[in-house]
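*Asks:*
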Amino acid sequence: MASIDTSITNYFAIPVKRIGAPDPTLIEKCAYFDRNWQPVGSKDLYDTEHQNSVCLRQCGIRLIPEKALSEIASAGFEVNNDVTLFAATAKTLGGSGGMPNQFLAREESVALVNGDSAAAWSVTIPLAPNTRRGVILVFQFLAQGSIPQQLIATADPEVGNGSSN
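Everything in the sequence shown is counted per the working numbering, starting at 460 for the first residue and increasing by one.
So, in C-alpha cells, the structure goes:
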C-alpha cells in the first residue's frame, strides 16, 4: 500500500467533463487540488517543498473527498471516471533547461481511511531552479463497446519552482 510522499509537492489532477456529457472520452479540463484538497489554479502549481519537482496525481473517485466533488459540481463539471492518467510531456518555458520531457504515469494502490485501497496514478515532473514548465497530461480511455481505446491530451497546466505565496 502506497502513501503520498509528502517530501515533494503533490497536486491532485482530476479529469472532468460537463455534467451529463454522454461521451466517455471527453475531458474538458483537469481540476487541481493541493494535498489538503484545496482548489489550485492550473497556472499555480508550484514546488512548495523545494525539492525541484512536482507530482501530479490522479486518484480513483473513492479517494476524492465530498468537498472536492462539490467544488467540481458547482463549476458545472463531473469527474470522468472512464480515463486514467497515462503519461505527461513537459517543456521548460523560456529556455530548454536540459530537463527530460516525457514521463509515463505510475500506477499505485493508496490506502483509504476505512482500510480498503483504491487505485491512483502519478507523474513527477522535475524542475530546474527558477523555472516554469508547461505540461500536457495524457489520459488513456480503454475500449468500451464500439468506442476504441484512445489517448486524450489535456490543456496544459504550468508547474514551477518556488512558493505560491
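Glycine residues also receive a C-beta, built at the ideal position from the N, C-alpha and C atoms.
What you are looking at is a predicted structure, and each value in this text was computed from that prediction instead of being measured.
Rounded to whole angstroms, what is the Cα-Cα separation between Ala-577 and Phe-562?
*Replies:* If I take the Cα positions, the gap works out to 22 Å.
*Asks:* Does any CB atom of chain D fall closer than 9 Å to the CB of Glu-487?
*Replies:* In the structure shown, chain D cannot be found, because there is only a single protein chain.
*Asks:* Ala-490 and Ile-531 look like a contact to me (Cβ under 8 Å); what is the Cβ gap, rounded to whole Å?
*Replies:* Indeed they touch by this definition, with Cβ atoms about 5 Å apart.
*Asks:* Determine the direct distance from the alpha carbon of Pro-588 to that of Pro-559, and round the result to whole angstroms.
*Replies:* When rounded, the distance between both Cα atoms is 14 Å.
*Asks:* Among Gly-619, Arg-477 and Gln-608, which one has its Cα closest to the Cα of Arg-592?
*Replies:* It is Gly-619 whose Cα lies nearest to the Cα of Arg-592.
*Asks:* If you drop the 5 nearest sequence neighbours on each side, which residues of the same chain put their C-beta closer than 6 Å to that of Thr-551?
*Replies:* Cβ within range, chain order: Met-558, Thr-590 and Arg-592.
*Asks:* In whole angstroms, what is the alpha-carbon distance linking Asn-624 and Ser-568?
*Replies:* Only weak support exists for where Asn-624 lies, its pLDDT of 38 falling under 50; the value from the coordinates is given anyway. Near 32 Å, if we compare the C-alpha coordinates of Ser-568 and Asn-624.
*Asks:* Sort His-509, Lys-488 and Glu-508 by Cα distance to Gly-500 and report the nearest one.
*Replies:* Ranking the options by Cα distance to Gly-500, first place goes to Lys-488.
*Asks:* Classify Lys-488 as helix, strand or coil using the three-state DSSP reduction.
*Replies:* Looking at Lys-488 - three-state DSSP - the assignment turns out to be strand.
*Asks:* Measure the alpha-carbon distance for Leu-596 versus Gly-535 and round it to whole angstroms.
*Replies:* Between Leu-596 and Gly-535, the C-alpha separation is close to 21 Å.
*Asks:* With distance defined between alpha-carbon atoms, name the residue in Thr-484, Leu-544, Ala-472 and Phe-471 nearest to Ile-606.
*Replies:* Checked all of Thr-484, Leu-544, Ala-472 and Phe-471; the closest Cα to Ile-606 is Thr-484.
*Asks:* For Ile-523, which of helix, strand or coil comes out of DSSP?
*Replies:* DSSP places Ile-523 in coil when its eight states are reduced to three.
*Asks:* Between the alpha carbons of Asp-482 and His-509, how many angstroms are there, rounded?
*Replies:* Roughly 40 Å between the two C-alpha positions.
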